[in-house]
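Notes for the one structure printed next.
Protein chains: 2
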Amino acid sequence: MQSAHEAFVDYLRHKGLKVTQQRLRILNTILQTSRAHFNAEDLMEMVNASGQARVSRSSVYRTLELLNDCGLLRKELLRDQVSHYEKTSAEEHHDHMICNLCGRIIEFSSGELEALQDKLCREQGFTPESHVLHIRGICRACAAKQGKSRA
Amino acid sequence: MQSAHEAFVDYLRHKGLKVTQQRLRILNTILQTSRAHFNAEDLMEMVNASGQARVSRSSVYRTLELLNDCGLLRKELLRDQVSHYEKTSAEEHHDHMICNLCGRIIEFSSGELEALQDKLCREQGFTPESHVLHIRGICRACAAKQGKSRA
DNA sequence: CTGACTGCAAAATGTTTGCAGATTC
DNA sequence: GAATCTGCAAACATTTTGCAGTCAG
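Below, the structure written as structure tokens:
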């Protein structure tokens, strides 16, 4: 199992692309952050927060695409009009519950769910490569709040 | 069980909103089309294809939001940056498999899947209101084509 | 050295909004 | 008649692109 860093460099070499300072800075920022989800703007801030030379918005967008292509990030469409990215380098795949009131994202994963999905795909002759499951609703905290403040 | 038309009119009245010609034209266009998915631009074209007075882009967007709010449509994020809408007036909820090669959308539904999701939500104290499951991969037809043309 | 990359600013895309006049209730 | 709508054009937010200069291999 190679490190994310090695994987990225390999990917770039394979495609005849260059290993630049900006690309490495972006990758390192992503590897170092504890955040599981972020969008392009968030990443811009994180990259440029750590002092050093700026990385431009264009480079951030272009690098996000590379990282998505090589599988180190997964592009998700959590909210309207803004692409979010999720680190895949971490553990296994997980899905999301998104609170319609506070926006909180609860991650969960279930082998049972994966297995069922595989079964459904087989029934359709479909070869799954990835999936996104977003359940929207009300989280525990908001439900409690709502119960209290009900007029 | 009231018709979609009645449901929409009721919804508007309840909210103190007006039943305008444009809103009805948009609803009728959606009810008449055989398409299950479309985006705002598609809808613009469909509405204005049938001759008659034009309906503006703003009205289409504003009405899409109303139809989503009252549950006659469901907003989905199938592709980057473009909101898609799906008729819910039809039968029950269903999910999607999306082919990464030809873009084909296969609809499916599974009671087993819904039940499992409910169980997972209960475990998190989460009250589900809606969900979106997109499985991406290769459809049967493309898999067959790939097998043949493999170099 | 050459081709790929960066940063910038400009363009493109999809959606929202302010406003004046029209329409519904 | 009052409040809500419409259509327009302008504003917006996010992402993409063309280009001139820079850098990696």
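Residue numbers (our numbering), protein chains in the order written: chain A, 258 to 408; chain B, 258 to 408. Idealized CB from N, CA, C, for every residue including glycine.
(Q) So Leu350(A) contacts chain B; which residues on that side make the cut at Cβ distance below 7 Å? (A) At residue 350(A) the sequence reads His, which differs from the Leu that was named. Within chain B, no residue comes near His350(A); the closest Cβ sits about 12 Å away, beyond 7 Å.
Original post:
Taking just the CA atoms, how far does Leu288(A) sit from Arg325(A)?
Top reply: Before going on, a small fix: residue 325(A) reads as Asn here, not Arg. Cα atoms of Asn325(A) and Leu288(A): separation of roughly 14 Å, rounded to the nearest angstrom.
Exposure label - Arg292(A); buried when at least 16 CB within 10 Å: Counting every other CB atom within 10 Å of its CB across the protein chains shown gives Arg292(A) a total below 16, marking it as exposed.
Worksheet item: Is the CB of Gly368(A) under 8 Å away from at least one CB in chain B?
Response: Contact of Gly368(A) with chain B is not assigned, every C-beta pair being separated by 8 Å or more.
Worksheet item: Going by beta carbon distance, what residues of the same chain come within less than 8 Å of Arg314(B), once the five residues before and after it are set aside?
Response: Excluding positions up to five away in sequence, the list reads Ala297, Met301.
Quiz prompt | 8 Å Cβ shell around His341(B) - same chain, five flanking residues per side excluded | solution = So the list reads His294, Phe295, Asn296, Lys332, Glu333, Leu334, Leu335, once near-sequence residues are dropped.
**Prompt:** Is it true that the CB of His350(A) sits closer than 8 Å to the CB of Arg393(B)?
**Reply:** The answer is no: Cβ separation not under 8 Å.
query: Exposed or buried, what is Arg270(B) when buried is set at 16 or more other beta-carbons lying within 10 Å of its beta-carbon?
result: The residue in question, Arg270(B), is exposed, as its Cβ has fewer than 16 Cβ neighbours within 10 Å.
Let me know if Thr320(B) comes out buried or exposed under the rule of 16 or more other beta-carbons within 10 Å of its beta-carbon.
So Thr320(B) counts as buried.
Check: Under the rule that 16 or more other beta-carbon atoms within 10 Å means buried, what is Thr277(B), buried or exposed?
Finding: Taking all protein chains shown into account, Thr277(B) has fewer than 16 neighbouring C-beta atoms within 10 Å of its C-beta and is therefore exposed.
Per the DSSP calculation, Cys356(B) is bridged to which residue(s)? According to DSSP, Cys356(B) shares a beta bridge with Gly394(B).
Tell me the rounded alpha-carbon separation between Glu322(B) and His353(B). Distance between Glu322(B) and His353(B), taken at the CA atoms: about 22 Å.
Requested in this report: Tell me, please, whether the CB atom of Thr290(A) is closer than 8 Å to any CB atom in chain B?
Outcome: False, the Cβ-Cβ gap to chain B never drops below 8 Å.
So, for Ile362(B): in the same chain, excluding its five sequence neighbours on each side, which residues have a beta-carbon less than 6 Å away from its beta-carbon? Same-chain partners within the cutoff: His353, Ile355.
- Query: Can you list, in chain order, the stretches of the beta strand (DSSP E) that have 3 or more residues and sit fully within the segment 288–339 of chain B?
  - Reply: The segment 288–339 of chain B contains these whole beta strand (DSSP E) runs: 294–296, 330–336.
Spell out whether any CB of chain B is found under 8 Å from the CB atom of His388(A).
Yes - at least one Cβ of chain B is within 8 Å of the one on His388(A).
message = For the alpha helix (DSSP H) containing Phe365(B), name the first residue and the last one.
response = The continuous stretches of alpha helix (DSSP H) do not include Phe365(B), which lies in the beta strand (DSSP E) extending over residues 362–365.
### Cβ distance (whole Å) where Cys327(A) is taken to contact Ala400(A) below 8 Å
40 Å between Cβ atoms; not a contact.
Counting only the same chain and skipping the five closest in sequence on each side, list residues whose C-beta sits under 7 Å from that of Tyr318(B).
-> Around Tyr318(B): Ala297.
Discussion item. Taking the alpha-carbon of His262(A) as reference, which of Lys272(A), Leu284(A), Met303(A) has the nearest alpha-carbon?
Written reply: The residue from Lys272(A), Leu284(A), Met303(A) with its alpha-carbon nearest to that of His262(A) is Leu284(A).
- Classify Arg407(A) as helix, strand or coil using the three-state DSSP reduction. Because Arg407(A) sits at a pLDDT of 48, beneath the cut-off of 50, its placement in the model cannot be relied upon, and the point is left open.
TODO: Under 8 Å between beta-carbons, which chain A residues line up against Gly382(B)? List them in chain order, please.
DONE: Near Gly382(B) (Cβ distances below 8 Å), the residues of chain A are Cys396, Arg397, Ala400.
Who are the near neighbours of Gln279(A) in its chain, counting only those whose CB is closer than 6 Å to its CB and skipping five residues on each side?
-> Only Val312, Ser316 meet the Cβ criterion.
*Host alpha helix (DSSP H) of Val266(A) (start-end)*: Per DSSP, Val266(A) belongs to the alpha helix (DSSP H) from 261–271.
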